[in-house]
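J.: The structure under discussion is supplied below as structure tokens; questions concerning it will follow.
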Amino acid sequence: MTAAPSGPAFSVHDIPFSTYGSWFGISPVLAEKTRAEDLHLVSHQNGMHAVLRLVPSDASTGERAETRVVATSSLLSWVHEAGRIDLAYESPDTVRVRGEGLALRITAAARALTPFSGTYLYDDPVSGAHVFTSYETGRRYRVTVLSGAVTCVSGAQALGGAERGLTVAAGPDGVWEIAVEELDTARAPYVSSATFGKVAEAARNSFADFVDEVAPWRSSATPAAELAAYVLWSATVRPAGLLTRPAVLMSKHWMDKVWSWDHCFNALALAPGHPKLAWDQFSLPFDHQDESGALPDSVTHSEVLHNFVKPPIHGWTLRHLRRRLSLPPEQLAEAYDRLSRWTDFWLTARRAPGATLSHYQHGNDSGWDNATTFDPERVVVTADLAAFLTLQLHELAALADELGLPDDALWWTRTAEATQAAMLEELWTGDRFVARSVGSAETWASASLLDLMPIALGEHLPEDVSAVLADRIEAHLTPHGLATEQLSSPHYLSDGYWRGPIWAPSTVLVEDGLRRAGHQRLADDISARFRALCETYGFAENFDALTGTGLRDRAYTWTASSYLLLAEAHELRHATPAMHTGG
């Protein structure tokens, strides 16, 4: 009865089982630092909410059956000596579940039902289905029996505290099957249009097509490429709520948002194989650009946050994106307008009177939330910000020139030159970059890799400056990659977020800058170590710099995208040298 599994196998404790376009996944991870014994249907509409608990049961006793969970890109299975249960996505909002030898108990994740929270269960007299309606997600979850029988229903129409659920078991033929849908208010009764085998086959083919488009270059030298593609594919949601484009969430765990620099790495990784989806990823935060020109800190289904911003790496991103995409004039014009407004925000709202250099108002603005650069003060002028703005100004000059705006191009070029000159004059000491208080002339240095991020300027840096930065960057290398705080620092923490762990975005930005500055050996080393890290420990939000262990959210898309970027560039350099930069 089992559909042949295909695609990379993975642990659902690390990566949720989901599909392209879906707003829900199947996972034991219910929240940060919260894991359940059983798999749950976890939705990301209106936030991350565990809605339904899925419990394989002994068909004769009704007791919970201890099963082994096996997941591939297209099929999730609970395996037991007495039988098995298989689950596959038929569409982004519908899963098909089929069992033999085991029953399945489906219950509301929360027992309590109040006027404002919880999940209510009722039998729908129109469709004959059992429907759970969730206050938290604002959606309904309809269970339609296709074969077999419901052997037990509890808590239907119950209020207050109660177990609400149903058990599905086999009929005379020994097999049962159901469809579970996430829907808004109502739709026609569910009718099966394909066998379970065909559903699983279609899901298998969908992912196979995606990975062939995104990573056609993969080989035995890049063994994690398929799993990286799955992390991206499965974390993509269809337009809904405040997201008017398909969006690659950072994760279908608790980091279920699009932050306004994370999206850049996803756009770059998707660009060659999925140009439309890549452009959507780049554009998505700009859809919520405010009157000042600022991008939001983050966007998700039902929330846009403006309390912080993220660093202006978008000029750097667009430069690389334009090499990977063929953009028509109307998209270039749109990008120019949006990038101009984003840059003007930094040159006006984030420049103190009389200042040439812009400033952050908090570590969160830099994307390196708690980096030690921000220990003395939070409202500071830093060299990384000046470097990113310089790159963005150069990209605006190139765009203006291409769009036939010579006066604009000249102004952007002169502003880029002035910004870089001020960075070197005010923040470069001769052997390192320092940060400076906006409120005083006080400066300080740290052991954070953030202080070395001006290497992103690459070919724009004076050779003596890039050489010093390269030496200092090499001091951050561990066997697994670039620690974000030097290991010798008294502030180093193995799980200290930006105070030690290895991160994907800093790795990609540093690697690219080193390569463009001519430090190929070090760039190659950094790329190789990070690729090996992902191949061994997966695609976590960040990694212990000494052990390599994945930390925090274990299914992070910018990490998967960074692996794909570095792996692709590595493959292409070996296949056709000098065709590709970065990686």
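Using the numbering used here, the first residue of the sequence shown is number 10, and each one after it goes up by one. Heads up, the beta-carbon is just placed ideally off N, CA and C, and yes, glycines get one too.
1) Just verifying my parser: in three-state terms, what is the DSSP assignment at Y369?
2) Buried or exposed for H272, please, with buried defined as at least 16 other CB atoms from any protein chain shown within 10 angstroms of its CB.
3) Can you grab the Cα-Cα spacing for the pair M588 / P463, in whole Å?
4) Alpha carbon to alpha carbon, what distance is there between V135 and A158?
5) Who are P65's beta bridge partners in DSSP?
6) Nearest to L555 by alpha carbon, out of G170, Q495 and A287?
7) From this set, W242, H489, A476 and D193, which residue's C-alpha is nearest S215's C-alpha?
8) Taking the Cβ atom as the reference point for each residue, do L560 and V519 lie within a distance shorter than 8 angstroms?
9) Give a yes or no on whether the C-beta atoms belonging to S83 and R213 are separated by under 8 angstroms.
10) Output needed for D133: all residues of its chain with C-beta closer than 6 angstroms, excluding positions within five of it in sequence on either side, in chain order.
11) Pick from A211, E109 and V220: whose alpha carbon is nearest that of D182?
12) Does D521 pass the burial test, meaning 16 or more other C-beta atoms within 10 Å, or should it be called exposed?
13) Which whole-angstrom value describes the C-beta separation of A188 and T146, a residue pair presumed to lie in contact below a C-beta threshold of 8 angstroms?
14) Alpha carbons only, please: which of S367, P337, E339 and R151 is nearest the one belonging to W351?
15) Where V88 and Y29 are concerned, what is the direct C-alpha to C-alpha distance, given to the nearest angstrom?
16) Using the rule of at least 16 other Cβ atoms within 10 Å of the residue's Cβ for burial, across every protein chain shown, is T43 buried or exposed?
17) On the criterion of 16 or more Cβ atoms from any shown chain inside 10 Å, does A18 qualify as buried, or is it exposed?
18) Can you tell which of Y144, L192 and S269 has its C-alpha closest to the C-alpha of Y150?
19) Do the region 309 to 329 and the region 282 to 300 make contact, defined as three or more Cβ pairs closer than 8 angstroms?
20) For the beta strand (DSSP E) holding T142, just list the boundary residues, first then last.
21) Kindly indicate which three-state DSSP category Y29 falls into: helix, strand or coil?
22) Any C-beta of chain C sitting closer than 8 angstroms to the C-beta of M259?
23) Look at G174 and A117 and say whether their C-beta atoms are less than 8 angstroms apart.
24) Starting from H475, trace the alpha helix (DSSP H) both ways and give me its first and last residue.
25) Helix, strand or coil for N1? Go by DSSP, reduced to three states.
26) Which value, in whole angstroms, describes the spacing of the CA atoms of K207 and D23?
27) What residue range does the alpha helix (DSSP H) around I322 cover?
28) Which same chain residues, not among the five before or five after E468, have their C-beta less than 7 angstroms away from its C-beta?
29) Could you tell me the distance, in whole angstroms, from the CA atom of H262 to the CA atom of E435?
30) Indicate the three-state DSSP secondary structure (helix, strand or coil) for V443 in the structure shown.
31) Would you report the Cα separation of V223 and L575, rounded to the nearest angstrom?
32) Between G282 and the rest of its own chain, which residues show a CB-CB distance below 6 angstroms, the 5 nearest in sequence each way excluded?
33) Can you say whether D353 is buried or exposed, counting buried as having 16 or more other CB atoms within 10 angstroms of its CB?
34) My guess is that T545 and S260 are in contact by the Cβ rule of under 8 angstroms, so how many angstroms apart are they, rounded?
35) So, with DSSP's three-state summary, where would you put G206?
36) Would C543 be called buried (16 or more neighbouring beta carbons within 10 Å of its own) or exposed?
T.: This is what the structure gives:
1) Working through the sequence shown from its first residue, we reach residue 369 at position 360. Three-state DSSP puts Y369 in a strand.
2) Residue numbering aside, residue 272 sits at position 263 when the sequence shown is read from its first letter. By the 10 Å Cβ count, H272 comes out buried.
3) For the purposes of this step, residue 588 is identified with residue 579 of the sequence shown, where counting begins at 1. For the purposes of this step, residue 463 is identified with residue 454 of the sequence shown, where counting begins at 1. Confidence is the limiting factor: at M588 the pLDDT is only 42, short of 50, which leaves the residue's position unreliable, though a coordinate-based value still follows. Using only the alpha carbons, I get a separation of about 25 angstroms.
4) The count along the sequence shown starts at 1 and reaches residue 158 at position 149. The count along the sequence shown starts at 1 and reaches residue 135 at position 126. So the two alpha carbons sit approximately 18 angstroms from each other.
5) Taking the first residue of the sequence shown as 1, we reach residue 65 at position 56. According to DSSP, which records beta bridges pairwise, P65 is partnered with L113.
6) What you label residue 555 is simply residue 546 of the sequence shown in a count that begins at 1. For the residues G170, Q495 and A287, the minimum Cα distance to L555 belongs to Q495.
7) Here the question's residue 215 lines up with position 206 in the sequence shown. Cα-wise, what sits closest to S215 is W242.
8) What you label residue 560 is simply residue 551 of the sequence shown in a count that begins at 1. What you label residue 519 is simply residue 510 of the sequence shown in a count that begins at 1. Result no, Cβ atoms of L560 and V519 do not sit closer than 8 angstroms.
9) Position 74 of the sequence shown holds residue 83. Position 204 of the sequence shown holds residue 213. Contact flag set, yes.
10) If you number the sequence shown from 1, residue 133 lands on position 124. Hits under 6 angstroms: V140.
11) In the sequence shown, the residue the question calls residue 182 occupies position 173. It is E109.
12) For this step, residue 521 is matched to residue 512 along the sequence shown. With 16 or more Cβ atoms within 10 Å of its Cβ, D521 is classed as buried.
13) As a first step, residue 188 is located in the sequence shown; it is residue number 179 there, counting from the start. As a first step, residue 146 is located in the sequence shown; it is residue number 137 there, counting from the start. The Cβ separation is near 18 angstroms, so there is no contact.
14) Residue numbering aside, residue 351 sits at position 342 when the sequence shown is read from its first letter. Per the Cα distances, S367.
15) Numbered from 1 along the sequence shown, position 79 holds the residue referred to as residue 88. Numbered from 1 along the sequence shown, position 20 holds the residue referred to as residue 29. Their Cα atoms are separated by approximately 25 angstroms.
16) Counted from its first residue, the sequence shown places residue 43 at position 34. Under this definition T43 is an exposed residue.
17) By one-based count along the sequence shown, residue 18 stands at place 9. So A18 counts as exposed.
18) In the sequence shown, counting from the first residue as 1, residue 150 sits at position 141. Here the closest residue by C-alpha is L192.
19) yes
20) Reading the sequence shown from its first residue, position 133 is the one you call residue 142. Where T142 is concerned, the enclosing beta strand (DSSP E) stretches over H139 to S143.
21) Start at 1 with the first residue of the sequence shown, and residue 29 comes out as number 20. In this structure, Y29 counts as coil in the three-state DSSP scheme.
22) Any reference to chain C falls outside this structure, which holds one protein chain only.
23) Residue mapping note: residue 174 aligns to position 165 of the sequence shown, counting from 1. Residue mapping note: residue 117 aligns to position 108 of the sequence shown, counting from 1. Yes, the pair counts as a contact, with Cβ atoms nearer than the cut-off.
24) To locate residue 475, count along the sequence shown from 1; it is residue 466. Going by the sequence as given, residue 475 is Ser instead of His. Looking at the DSSP string, the run of the alpha helix (DSSP H) that includes S475 is E472 to E483.
25) Nothing can be reported for residue 1, as the shown portion of the chain is limited to 10 through 592.
26) Stepping through the sequence shown from its first residue, residue 207 is reached at position 198. Stepping through the sequence shown from its first residue, residue 23 is reached at position 14. Near 27 angstroms, if we compare the C-alpha coordinates of D23 and K207.
27) For the purposes of this step, residue 322 is taken as residue 313 along the sequence shown, with counting starting at 1. Looking at the DSSP string, I322 is not in any alpha helix (DSSP H), and its letter there is neither H nor E.
28) The residue given as residue 468 occupies position 459 in the sequence shown. Here the set comprises R525 and A526.
29) Working through the sequence shown from its first residue, we reach residue 262 at position 253. Working through the sequence shown from its first residue, we reach residue 435 at position 426. Distance between the alpha carbons of H262 and E435: 42 angstroms.
30) Counting from one through the sequence shown, the residue named residue 443 turns up at place 434. It is coil, neither helix nor strand.
31) Position 214 of the sequence shown, counting from 1, holds the residue named residue 223. Position 566 of the sequence shown, counting from 1, holds the residue named residue 575. Going from the Cα of V223 to the Cα of L575 covers about 13 angstroms.
32) For this step, residue 282 is matched to residue 273 along the sequence shown. Excluding sequence neighbours, G282 sits near E222 and V223.
33) Working through the sequence shown from its first residue, we reach residue 353 at position 344. Looking at its Cβ environment, which holds fewer than 16 other Cβ atoms inside 10 Å, D353 is exposed.
34) Residue mapping note: residue 545 aligns to position 536 of the sequence shown, counting from 1. Residue mapping note: residue 260 aligns to position 251 of the sequence shown, counting from 1. Incorrect: roughly 20 angstroms between the Cβ atoms, too far for contact.
35) Here residue 206 refers to the residue found at position 197 of the sequence shown. In the structure shown, G206 sits in a helix (DSSP, three-state: H, G or I).
36) For the purposes of this step, residue 543 is taken as residue 534 along the sequence shown, with counting starting at 1. Classification of C543: buried, given that the 10 Å Cβ count is 16 or more.
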